[in-house]
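Reading through the structure tokens given below for one structure.
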Amino acid sequence: MSRDKILAALRQNQPEKVPLPTTLAFERDANLNLAEKFKAMAEGIGSKVYMVAGFDEIGPVIGMDFPSEKRIVSTVPELVSAAIPAFVLDADPQTYEDVDVAIFKPRIAVAENSALWITEDRMGVRALPFITQHIIMLVDIALLVPDMHAAYEKIGAADYGFSTFIAGPSKTADIEQSLVLGAHGPRSMTIFMYS
Amino acid sequence: MDGATQTHPELSEIFNKDEERVDWHDETLWWIRQKRDKSAHSIPEWEQLRETASQIKNNVLSDLSSYLVSFEEKALANGIVVHWAADAAEHNRIVHGILKENGIQQMVKSKSMLTEECHLNEYLEQQGLDVIDSDLGERIVQLAKEPPSHIVLPCIHKKKEEIGDLFHIHLGVPAGTSDPQILTETARQHLRETFLTRRAALTGVNFAIAETGEFVVCTNEGNADMGAHLADVHIASMGIEKIIPERRHLGVFLRLLTRSATGQPITTYSSHFKKPRPGQQMHIVIVDNGRTIQMGREDFRNSLKCIRCGACMNTCPVYRRSGGHSYHNAISGPIGAILAPNLDMKKYADLPFASTLCGSCSNVCPVKIDIHQQLYKWRQVIVKEGYADSTKKIGMQLMTFTLSSPVVYRTAGKAGRWFLKHVPFAVNNKFNPWYKQRDMPEAPAESFGEWYKKNVKK
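Written as structure tokens, this is what we have:
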């Protein structure tokens, strides 16, 4: 059986055990303004960022930015209205193929790279953050952490079937290194930051 | 693959015929290297990160068997089916078996260098199955019936006009289209249809976590996620060396990977797959294919630390000027040149010589693999085992003779200078391999030895 053969070969060939590094503590700029850094990084990779005072400001902006988009779904109960219907679960992920705008609330926002950590329970279905033409993220600035180490400290041993860091709209530069936004996933990302 | 029997010098010669293209290729990759530098220098703790990543990978190699057992145990508990493949053929048979069992004829695939190494597409096509690559660059080379020329940038060797021609033939864009925006949009529409209709998706694995049994797949395009979340069957193929011990170690590797690869702070998507969604099957195929043998080669085992960022290719003066296809191996560039001889020393005997040993590859490697040292060591192994080509052997013998006798050395130097000065055509001709794509240097009037004797010893 290949499993046992592979493991036996490794036991034979792997070198003497060396320890893991004892610490993952790295220098950090204690004075870094996390919200500013996050916003600069997000805009640098093509996201649109709004700072808002409250949820009631968000709906009108969405209406202005996406005037002709037909199917909008919100996985965030606080952001459901006549214009923005709540996400309704369908077991067949293909049925979300015509979603134009989808709204989510991630769990962690990483300042160093503007990555947003979102878990399966906040996606509606796993396919939704990818299949939607445009993605909107609602980010409480209390979710900000400086870097990926801090993000994983916060995630700890949390148990999710699927989770992902998303940083900006989907993109490619495979053709002569020309950056094109909107490869297979969303064509744009809009972030609303609030406190 | 075409040219599998041709060597790096022969294949480079073909690439070098188009001088303008070589310059363009060289400059494009150097530009990516510069983006990497800018990104790395913006992180004060960069060197500490590299050292930590290297130490974590050293630990992984020293205890890989236990980590794999732990990973398997956790993955099984998470509801993932785990398969083990001793070699490429077994890997391909396992994937085919899963598809057959589910009555699936068509599969969508995101980037996986391991499946390139195993020649999975060719195998499945021979069995009458249809595989579509969904990474834009991979789709382009698939349409061109070529292998990828770079592990991160599969079609970096292609001009947008050539891609336009391919899309004209296969995807129906008007002739003469070359705008990257339009070409990308065309591929988006074409592949969206594919994602929606394929019941099986295969992805690679960037990191597999022994502690949790989850695996992480990184893409910018979102193609791995589009495939996996829409398919009934998700197959993930991984080499045994993809293991990292703990989830928190991802912080180190995700910070290094994309900054090293393209200069981005992180990929758009870093997806953590832990359990299949309800009703979905999730399979992992863990592949050896020569890796356990490499583990036993003390001088070369730490090539298994590689996280496939491609930084060594972008910086390599030989890769930039010879192109990825000149390495006639799924993984090209400096890292490919130290991995390939392990698989087939005879077939890839030329690759460790495709280097200037300048050491730039080792300097940019995020996990501190001593790539240029290994290139140098492979040369010795290959010569000792008798796989070096005969001109190289004769050349080396001549050099040994010349360099071991001061009299012969001085005479040879004098003769060389005389030839370059008085009869340059004697060396500036096609029989001298150094003259290809290069001008010979102007001969100095005297050697350093002669100058030193005249000026200092007096």
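Chains as they are written, first to last, in this note's numbering: chain A, 1 to 195; chain Y, 196 to 653.
Glycine included, every Cβ here is placed at the ideal spot set by N, Cα and C.
Beta carbon proximity, residue i to chain Y, threshold 8 Å
| i | result |
| --- | --- |
| asparagine 113 (chain A) | yes |
| serine 47 (chain A) | no |
| arginine 11 (chain A) | yes |
| methionine 41 (chain A) | yes |
| proline 137 (chain A) | Note that residue 137 (chain A) is methionine in the sequence shown, not proline. Taking Cβ atoms only, chain Y never reaches closer than 8 Å to methionine 137 (chain A), which makes this a no. |
| valine 180 (chain A) | yes |
| phenylalanine 38 (chain A) | no |
| isoleucine 175 (chain A) | yes |
| threonine 95 (chain A) | no |
| isoleucine 166 (chain A) | yes |
| threonine 190 (chain A) | no |
| glycine 161 (chain A) | yes |
| serine 74 (chain A) | no |
| glycine 124 (chain A) | no |
| serine 195 (chain A) | no |
| alanine 127 (chain A) | yes |
| glycine 59 (chain A) | no |
| alanine 183 (chain A) | yes |
Per-residue contacts from residue i into chain Y (C-beta, under 9 Å)
| i | result |
| --- | --- |
| glutamate 16 (chain A) | Ser257 |
Residue-chain proximity (residue i, chain A), Cβ-Cβ < 8 Å
| i | result |
| --- | --- |
| glycine 332 (chain Y) | yes |
| proline 536 (chain Y) | no |
| tyrosine 514 (chain Y) | no |
| phenylalanine 468 (chain Y) | yes |
| serine 260 (chain Y) | yes |
| threonine 381 (chain Y) | no |
| methionine 302 (chain Y) | no |
| asparagine 254 (chain Y) | yes |
| proline 375 (chain Y) | yes |
| serine 329 (chain Y) | yes |
| histidine 424 (chain Y) | yes |
6 Å CB neighbourhood of residue i in its chain, flanking five on each side removed
| i | result |
| --- | --- |
| serine 550 (chain Y) | Val513 and Leu570 |
| methionine 193 (chain A) | Met51, Val139 and Ile141 |
| isoleucine 299 (chain Y) | Arg394 and Ala395 |
| aspartate 197 (chain Y) | For aspartate 197 (chain Y), the predicted structure reports a pLDDT of 43, less than 50, and the residue's modelled location is therefore unreliable. A value from the coordinates is still provided. Cβ neighbours of aspartate 197 (chain Y) beyond the five flanking positions: none. |
| serine 642 (chain Y) | Gly608 |
| glycine 292 (chain Y) | none |
| alanine 419 (chain Y) | Ser305, Thr398 and Val412 |
Bridge partner(s) assigned by DSSP for residue i
| i | result |
| --- | --- |
| alanine 9 (chain A) | For alanine 9 (chain A), which the question treats as bridged, DSSP gives no partner whatsoever. |
| histidine 478 (chain Y) | Y:Val276 and Y:Ile430 |
| leucine 116 (chain A) | A:Ala109 and A:Ile166 |
| alanine 396 (chain Y) | Y:Val303 and Y:His429 |
| aspartate 140 (chain A) | A:Tyr194 |
| serine 74 (chain A) | A:Ala86 and A:Ile103 |
| methionine 51 (chain A) | A:Met193 |
| leucine 181 (chain A) | A:Lys171 |
Distance cut-off 7 Å: residue i Cβ against heavy atoms of the ligand SAM
| i | result |
| --- | --- |
| glycine 359 (chain Y) | This structure simply doesn't include the ligand SAM, nor any ligand for that matter. |
Chain A residues whose Cβ lies nearer than 8 Å to that of residue i
| i | result |
| --- | --- |
| tryptophan 225 (chain Y) | Going along chain A, no residue has its Cβ under 8 Å from tryptophan 225 (chain Y), so there is no contact; the nearest lies around 12 Å. |
| methionine 433 (chain Y) | Within chain A, no residue comes near methionine 433 (chain Y); the closest Cβ sits about 12 Å away, beyond 8 Å. |
Interface residues of chain Y facing residue i [CB-CB closer than 8 Å]
| i | result |
| --- | --- |
| leucine 24 (chain A) | Thr247, Arg443, His444, Gly446 and Val447 |
| lysine 171 (chain A) | Asn415, Glu416 and Thr463 |
Partners in chain A for residue i, counting only beta-carbon separations shorter than 7 Å
| i | result |
| --- | --- |
| proline 239 (chain Y) | Glu27 |
Neighbourhood of residue i by C-beta distance below 8 Å, restricted to the same chain and skipping five residues each side
| i | result |
| --- | --- |
| asparagine 297 (chain Y) | Arg394, Ala395, Asp427, Val428 and Gln476 |
| glutamate 97 (chain A) | Ile131 |
| isoleucine 238 (chain Y) | Leu244, Arg450 and Arg454 |
Listed by chain order, chain Y residues near residue i by CB distance under 7 Å
| i | result |
| --- | --- |
| lysine 5 (chain A) | Ala281 |
| proline 21 (chain A) | Thr247, Gln250 and Ile251 |
| lysine 70 (chain A) | Those within 7 Å of lysine 70 (chain A) in chain Y number zero; the least Cβ separation is about 17 Å. |
Contact set for residue i: own chain, Cβ-Cβ below 7 Å, skip 5 residues either direction
| i | result |
| --- | --- |
| glycine 161 (chain A) | Glu120 |
| isoleucine 461 (chain Y) | Leu449 and Thr453 |
| cysteine 507 (chain Y) | Gly528, Pro529, Ile530, Cys556, Val559, Cys560 and Ile566 |
| histidine 385 (chain Y) | Leu366 |
Contacting positions in the region 131–157 of chain A - beta carbon closer than 9 Å to chain D: The chain labelled as chain D is not found among the protein chains of the depicted structure, namely A and Y.
Stretch-stretch touch, CB-based, cutoff 8 Å, three pairs: the region 225–232 of chain Y with the region 366–377 of chain Y: no
Stretch-stretch touch, CB-based, cutoff 8 Å, three pairs: the region 67–75 of chain A with the region 122–133 of chain A: yes
Contact the region 102–119 of chain A vs the region 161–171 of chain A: 3+ CB pairs below 8 Å: yes
Touch test, the region 430–448 of chain Y against the region 323–337 of chain Y, Cβ-Cβ under 8 Å, three pairs minimum: no
Inter-stretch contact at 8 Å, needing at least 3 Cβ pairs: the region 374–384 of chain Y / the region 171–184 of chain A: yes
Contact the region 500–516 of chain Y vs the region 539–558 of chain Y: 3+ CB pairs below 8 Å: yes
Stretch pair the region 248–266 of chain Y + the region 6–14 of chain A: three plus CB contacts closer than 8 Å: yes
Contact the region 307–317 of chain Y vs the region 379–399 of chain Y: 3+ CB pairs below 8 Å: yes
Stretch pair the region 280–291 of chain Y + the region 467–484 of chain Y: three plus CB contacts closer than 8 Å: yes
The region 244–258 of chain Y in contact with the region 37–45 of chain A per 3-pair CB rule at 8 Å: no
Meets three-Cβ-pair contact criterion under 8 Å: the region 203–221 of chain Y and the region 142–155 of chain A: no
Contact the region 467–476 of chain Y vs the region 400–420 of chain Y: 3+ CB pairs below 8 Å: yes
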